[in-house]
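So the structure is just underneath, and the comments pick up after that.
Protein chains: 2
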Amino acid sequence: MAIQERRERARQERERLIVDAARELAEAEGWDAVTTRRLAERIEYSQPVLYSHFKGKDAIMAAVAVDGFAELAAELRAARGAAADPLTGVATAYLAFAETRPVLYEAMFTHSVDLAFARPDTPAALQAGFGELREAVRPRAGDDDPAVLTEVFWAALHGLATLTRGGRLPREIQEQRLALLLARF
Amino acid sequence: MAIQERRERARQERERLIVDAARELAEAEGWDAVTTRRLAERIEYSQPVLYSHFKGKDAIMAAVAVDGFAELAAELRAARGAAADPLTGVATAYLAFAETRPVLYEAMFTHSVDLAFARPDTPAALQAGFGELREAVRPRAGDDDPAVLTEVFWAALHGLATLTRGGRLPREIQEQRLALLLARF
DNA sequence: CGCGTTCTCTAGCGGCGCTAGGATCGCTGT
DNA sequence: ACAGCGATCCTAGCGCCGCTAGAGAACGCG
């Protein structure tokens, strides 16, 4: 039986290799450069092995996105603990994440439509990130439902992040925008 | 000289034909189905004709997006005039636009990164839509800069629209979210 | 009518995501 | 020790993509 375990271990290592390679390639040259051929070349296997791990290219990107959600959750947690005002800290950390890891943020939100949210099989990392936001919002909720208010706050952050990233909003006064948003919460 | 004018007119008609065909095809089968081959077939010309009008496929999508901005601006204007509370009306109209014309909204915000915003050559329709939002926000701005506050409000709406569209937020309680957002403005 | 420009098409390039089918490797039972 | 047999992996190729070069047709003009 140990043989199968070793094989399974090797499989999972290779799966990590694929996901990491996809992320590195995307961070180096953008998601357009992430093709199955280039990915296969980078991991030194042939194309078809990708399909023995993932259903298709989208699934690989979704795996990168899940990693991204885990990192985002970790950074939000750290920011909530460290900042004088948790909500400010979390919001700043969120915008910083989107700004410094654009490739991850794209995978998480712009691409990969079929990641289950608010479902039984939702990856834990996704829930965790939202949880961090909710705990930061809760003290400011007043009579409002904290969960729903968190959704609104998250949407505002997401909007700021994506509109800025897409060149729709000039980057320079982002701090001012964030201040106005926080003042209203 | 009249001959050149006639030709120019025909060219512009064909350009409209291309943009409309792209939009119709996208609305019928999604943007993935909009390929240069299928588009050429639909307008009953060969592929290279497309490239005598537009630099590439992205430019065609950008043209559809500009049409979208014009429609959005028109709907926001109507909503601002008709609603009891302008801000509520405009916000509702914005979310309704994203919900009922997902294909246009995608072209405007998810794709086509290289539409100039806040630049000399920014299409007027883009400015107009933002102007409608700004006029609706202004009475609620208090001591805040209305333009910046409008950006924040727009970002919040955009976030709600995209997160809902991507399945990140369940659609059912969108009205409740909008109420919470409006209450904070 | 013949000429030159202007337009449009056929054909093809390199690359894409993905898959079928055969070769090869490594474990297993005799 | 070795033949048999799955599991594993690669070569080759399908149909499609965005885009372009170059041939040929259509059209206004002298």
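Same order as they appear, the protein sequences are chains A and B.
Using UniProt numbering, you'd call the opening residue of the first sequence number 1 and step up by one each time.
Using UniProt numbering, you'd call the opening residue of the second sequence number 1 and step up by one each time.
Beta carbons are placed, not taken as given, at the ideal position from N, Cα and C, and that holds for glycine.
**Request:** Measure the CB-CB distance between alanine 107 (chain B) and glycine 68 (chain B) and report whether it falls below 8 angstroms.
**Result:** yes
**Asked** So, does the CB of valine 66 (chain A) fall closer than 8 angstroms to a CB anywhere in chain B?
**Response** no
**Request:** Grab me the residues of glutamine 47 (chain A)'s own chain with a C-beta within less than 7 angstroms of its C-beta, minus the 5 sequence neighbours each way, in chain order.
**Result:** Thr36, Arg37, Ala40
**Asked** Less than 8 angstroms separating the beta-carbons of valine 103 (chain B) and glutamate 44 (chain B)?
**Response** no
**Request:** Taking glycine 159 (chain A) and histidine 158 (chain B) to be in contact with their CB atoms under 8 angstroms, please state how far apart those CB atoms are, rounded to whole angstroms.
**Result:** 4 angstroms
**Message:** Please tell me whether glutamate 135 (chain B) has its Cβ less than 8 angstroms away from any Cβ of chain A.
**Reply:** no
**Request:** Give a yes or no on whether 8 angstroms exceeds the smallest Cβ distance from valine 113 (chain A) to chain B.
**Result:** yes
**Prompt:** Okay, do the segment 63 to 83 of chain A and the segment 124 to 137 of chain A touch, 3+ Cβ pairs below 8 angstroms being the bar?
**Reply:** yes
**Request:** Could you name the residues of the UniProt domain "HTH tetR-type" (12 to 72) of chain B whose beta carbon sits closer than 9 angstroms to any beta carbon of chain A, in the order they occur along the chain?
**Result:** none
**Asked** Would DSSP call glutamate 71 (chain B) helix, strand or coil?
**Response** helix
**Item:** Under 8 angstroms (Cβ pairs) to chain A, residues found in the segment 148 to 166 of chain B
**Value:** Val148, Leu149, Glu151, Val152, Trp154, Ala155, Ala156, Leu157, His158, Gly159, Leu160, Thr162, Leu163, Gly166
**Prompt:** When burial is assigned at 16 or more other CB atoms within 10 Å of the CB, is valine 113 (chain B) buried or exposed?
**Reply:** exposed
**Request:** Please confirm if threonine 122 (chain A) has its CB atom under 8 angstroms from at least one CB of chain B.
**Result:** no
**Prompt:** Who are the neighbours of aspartate 144 (chain B) on chain A, taking C-beta pairs under 7 angstroms?
**Reply:** Leu180
**Asked** When the Cα atoms are used, what is the spatial distance from leucine 115 (chain B) to proline 170 (chain A)?
**Response** 13 angstroms
**Request:** Measure the Cβ-Cβ separation of leucine 76 (chain B) and leucine 178 (chain B) and say whether it is below 8 angstroms.
**Result:** no
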